[in-house]
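Residue numbers (our numbering): 1216 to 1306.
For glycine and all other residues, C-beta sits at the position ideal for the given N, C-alpha and C.
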């Protein structure tokens, strides 16, 4: 079935959803990826990583909270790329 095909009542097996153009469903995914990257940065890099490293006895553990703009930009860029890639590969 082509990506733009629509389901009809007589199709067998019944179609669960109709697909539209490839870019229409994934237009908001880079924003969700950006949000994902920021949430991961806040939860893991800012809070969990400094605690984990200090409990593990790492002598150069970062301070708590570990707020670093370079790390935020890296996580945000990763999230955007992840969202775009997810949009190309479908769900």
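Does DSSP put residue 1282 in a helix, in a strand, or in coil? Note: residue 1282 maps to coil in three-state DSSP.
ask   = Does the beta-carbon of residue 1244 have 16 or more other beta-carbons within 10 angstroms, so that it is buried, or is it exposed?
value = buried
| message | Check for me: the alpha helix (DSSP H) holding residue 1245 runs from which residue to which? | response | Membership of residue 1245 in the alpha helix (DSSP H) is indicated by the continuous run 1244-1255.
- Item | Beta carbon of residue 1294 nearer than 8 Å to that of residue 1248 | yes
Residue 1265, DSSP secondary structure in three states: helix
| For residue 1279, which residues of its own chain have a beta-carbon under 6 Å away from its beta-carbon, when the five flanking residues on both sides are left out? | 1265
So, at 6 Å on beta carbons, what are the nonlocal neighbours of residue 1262 in its own chain, with the 5 sequence-adjacent residues on each side left out?
Its chain contains no residue whose beta carbon lies nearer than 6 Å to that of residue 1262 once the 5 sequence neighbours on both sides are disregarded.
Buried or exposed: residue 1290, going by 16 or more other Cβ atoms within 10 Å of its Cβ? Residue 1290 comes out buried.
Per-residue DSSP class, three states only, for residue 1272:
Note: residue 1272 maps to coil in three-state DSSP.
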